[in-house]
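Colleague:
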Amino acid sequence: MPTAVGYFTVFLAIVVTQCLAFTHELIDEIKGSPDREKFVQLSENFIMTTVADSEILRPDDDEFSPDGRYTPRIVFLSPDGTRIGSITNTARHKQYLHFYDRLDDIIKGMQQALTYR
């Protein structure tokens, strides 16, 4: 992600086609949430991308699969392209640290990530 380096924090959502139903549920929650506008405003500070788990060249790389290969997962990368390991969703998921299934948790992660600029 050379265009991201030095400019924006990266919001990387990793998905697989088998989880698309869950992904659509999350999209529906975002569309109907009173926090949608806050999410949209925060997203202007990120390079937001989605990749399929199969597109990761080294699937067991700790940068993209720090605690397993479950999907969907969201990983925040600093402007230099390294994973920000301290941003996790431990308040809701103790075992799957990068699993975000609620918009308010995603917003908290985004707010934390912006401090790494």
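Residues -21 to -1, 1 to 96, numbered by mature numbering (1 follows the signal peptide of the UniProt record, and there is no 0), are exactly what the sequence shown covers, in order. Using N, Cα and C, we set each Cβ at its ideal position, and we do this for glycine too.
#1: Report yes if the CB atom of Phe55 is closer than 8 Å to the CB atom of Ala31, and no otherwise.
#2: For Met89 versus Phe1, is the C-beta distance shorter than 8 Å?
#3: Measuring alpha carbon to alpha carbon, tell me which residue in Ser33, Glu42, Glu16, Ile63 is nearest Ile86.
#4: Cutting at 7 Å between CB atoms, please list the residues of its own chain near His3, excluding the five before and the five after it.
#5: Residues bridged to residue 173 by DSSP?
#6: So Asp7 and Leu82 are in contact, right, with Cβ under 8 Å, and what is the actual spacing, rounded?
#7: Relative to the C-alpha of Ala(-9), which candidate in Gly11, Lys10, Gln20, Glu34 has its C-alpha closest?
#8: Under a three-way DSSP split, which group does Ile66 fall into?
#9: Which one or two residues does DSSP pair with Ile85 in a beta bridge?
#10: Please tell me whether Leu21 and Asp80 are closer than 8 Å, where the distance is taken between their beta carbons.
#11: Rounding to the nearest angstrom, what Cα-Cα distance links Met(-21) and Phe25 in this structure?
Modeller: In short:
#1: Residue numbering aside, residue 55 sits at position 76 when the sequence shown is read from its first letter. Residue numbering aside, residue 31 sits at position 52 when the sequence shown is read from its first letter. In this structure, Ala31 does not lie closer than 8 Å to Phe55 by Cβ.
#2: If you number the sequence shown from 1, residue 89 lands on position 110. If you number the sequence shown from 1, residue 1 lands on position 22. Not a contact, by the Cβ cut-off of 8 Å.
#3: Numbered from 1 along the sequence shown, position 107 holds the residue referred to as residue 86. Of Ser33, Glu42, Glu16, Ile63, the smallest CA-CA separation from Ile86 is found for Glu16.
#4: Numbered from 1 along the sequence shown, position 24 holds the residue referred to as residue 3. Only residues of its own chain outside the window of five on either side were considered, and among them none has a CB closer than 7 Å to the CB of His3.
#5: Beyond the ends of the chain as shown, which are -21 and 96, falls residue 173; an answer cannot be given.
#6: The sequence position of residue 7 within the sequence shown is 28, counting from 1. The sequence position of residue 82 within the sequence shown is 103, counting from 1. With a Cβ gap of about 11 Å, Asp7 and Leu82 do not count as contacting.
#7: Taking the first residue of the sequence shown as position 1, residue -9 is located at position 13. Checking every option, the nearest Cα to that of Ala(-9) belongs to Glu34.
#8: The residue you call residue 66 lines up with position 87 of the sequence shown. Of the three classes helix, strand and coil, the one that applies to Ile66 here is coil, per DSSP.
#9: Position 106 of the sequence shown holds residue 85. Answer by DSSP bridge pairing: none, since Ile85 is not bridged.
#10: Taking the first residue of the sequence shown as 1, we reach residue 21 at position 42. Taking the first residue of the sequence shown as 1, we reach residue 80 at position 101. Taking 8 Å as the Cβ cut-off, Leu21 and Asp80 do not qualify as a contacting pair.
#11: Translated into positions along the sequence shown, residue -21 becomes position 1. Translated into positions along the sequence shown, residue 25 becomes position 46. Low confidence applies here, because Met(-21) scores a pLDDT of 44, under 50, leaving its location unreliable; read the following figure in that light. For Met(-21) and Phe25, the distance between alpha carbons rounds to 13 Å.
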